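This report concerns only the one structure given below.
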Amino acid sequence: MQQVSVIDRAFRALPFSEADIQRAATWLIIAALTILAFAAAQWTGLTTAAYLQYSELAARAGFQVQRVEVTGMERVDQLKVYDLVLAEKDRAMPLVDIDKVRADLMQYGWIKDARVSRRLPDTLAVEIVERTPAAIWRHDGKFSLIDAQGAILQNVHPDEGGDLPILEGADANRHTVALNILLDKASALKSQVTGASWIGNRRWDLRFKSGETLALPEGEKAAAEALLNFARMDGIHRLLGRDIIHFDLRDPERAYFRKVPKSEPTKAETSGAASKNGGTQA
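Pasting the structure below:
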């Protein structure tokens, strides 16, 4: 009676056929050889001709970009991304410079991060992480969408920003992070701020939904203290939405308010005045 070895019994117990196992082993060996050959090329400094020949052999073995999968795109210009990534199609896997592909993708303003990887034997996978618009920056006669870190995403028409706050001033986008930290200290007021102006590259003026402007002092600490004081005063006296259009808290010792200017009453002309002044004497 022929005895069945322990290894044979183990193989028969697996939920795979012997052909499946052999096929998987073959692919595993090819992948391992490809990786080893690629590493050897890097360490031993193979000539360009030899490396290209190796890449051609890898392509013939099936290690060639046949499919490109891109995920995570919503606002990014998809045509630009595919134009760049599809340039790698039909290229042998060892010749795909994934670091360069990623670096090229990172040139687009909307892309916060990009992950590029090879999925052997024939797929190039790209995962896009997009930036989120947080404000509109007005500069040099243009309006640009920016994210919370101040990165410029694209130029837009001012009406396309929706409810996003509008920042003004030279290099205002570079101070977006500091502005958000400042506004977070007075969360009750943050939702009422519709914009801010970076004045003289040193301090902020805030604009509110109800039309008022708040001038803050220079320095992060002084600005935070002034904003918190204003939030407390508004909580007690309801300063916003009344007859005051400008609050100046740049002086730490006192606050200055400017009210809405009263309109001058219209003087009505009296009837007959013209005839009195312009009449002729008898």
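Just so we're aligned: 326 in this note's numbering is position 117 of the sequence shown, and the numbers increase by one with no gaps anywhere. All residues carry an ideal CB built from backbone N, CA and C; glycine is no exception. Every value quoted in this text rests on a predicted model; they were computed, and no experiment measured them.
Exposure of residue i, with buried meaning 16 or more beta-carbon neighbours within 10 Å
i	result
glutamate 385	Just to set this straight, residue 385 is threonine in the shown sequence, not glutamate. Buried, since its Cβ has 16 or more Cβ neighbours within 10 Å.
asparagine 382	buried
serine 264	At serine 264 the pLDDT is 48, less than 50, meaning the model places this residue with poor confidence and gives no usable figure here.
isoleucine 356	A quick correction: the sequence has aspartate, not isoleucine, at residue 356. That one is buried.
glutamate 369	exposed
methionine 302	buried
lysine 471	exposed
alanine 395	buried
arginine 340	buried
leucine 437	exposed
glutamate 421	buried
leucine 354	buried
alanine 267	Its pLDDT being 47, under 50, alanine 267 is placed unreliably by the model, and nothing is read from it.
glycine 359	buried
lysine 468	exposed
Through-space distance from residue j to residue i, alpha-carbon basis
i	j	result
alanine 379	alanine 343	18 Å
aspartate 183	leucine 373	There is simply no residue 183 to check, as the chain begins at 210 and stops at 491 in what is shown.
isoleucine 320	alanine 334	16 Å
aspartate 180	isoleucine 307	Because residue 180 is not part of the residues shown, which for the chain are 210 to 491, the question remains open.
alanine 409	isoleucine 361	Going by the sequence as given, residue 409 is glycine instead of alanine. The straight-line gap from Cα to Cα measures roughly 21 Å.
leucine 423	glycine 350	24 Å
arginine 311	serine 419	45 Å
alanine 405	glutamate 377	6 Å
isoleucine 337	isoleucine 453	47 Å
arginine 463	alanine 323	51 Å
histidine 455	alanine 397	19 Å
methionine 315	serine 400	32 Å
arginine 451	arginine 459	21 Å
asparagine 364	glycine 371	14 Å
valine 277	serine 326	10 Å
glutamate 287	arginine 300	The sequence shown places glutamine at residue 287, rather than the glutamate named in the question. About 21 Å.
histidine 348	alanine 387	19 Å
isoleucine 445	proline 461	19 Å
alanine 482	phenylalanine 466	Below a pLDDT of 50, predicted positions are generally treated as unreliable, and alanine 482, at 41, falls in that range; the measurement from the model is reported next regardless. Alanine 482 and phenylalanine 466: Cα-Cα distance of roughly 43 Å.
leucine 329	valine 305	12 Å
threonine 332	glycine 428	52 Å
alanine 162	phenylalanine 352	Residue 162 is absent from the model: the chain starts at 210 and stops at 491.
isoleucine 238	aspartate 292	34 Å
arginine 447	proline 367	31 Å
Test item: CB-CB of residue i and residue j under 8 Å
i	j	result
proline 426	alanine 435	yes
isoleucine 375	isoleucine 345	yes
leucine 449	aspartate 443	yes
valine 274	lysine 309	no
tyrosine 317	valine 285	yes
alanine 432	tryptophan 413	yes
arginine 416	threonine 403	yes
valine 290	methionine 282	yes
heavy atom of the ligand ZN below 7 Å from residue i C-beta
i	result
glutamine 273	Ligands are entirely absent from the displayed structure, and the ligand ZN is therefore not among its contents.
CB contact below 8 Å: residue i versus chain C
i	result
leucine 391	Within the model displayed, chain C is absent; a lone protein chain is all it includes.
3-residue-minimum beta strand (DSSP E) runs that sit fully inside the segment 361-415, ordered along the chain: 361-364, 375-377, 402-408
Runs of beta strand (DSSP E) wholly within the segment 270-297 (minimum 3 residues, chain order): 276-280
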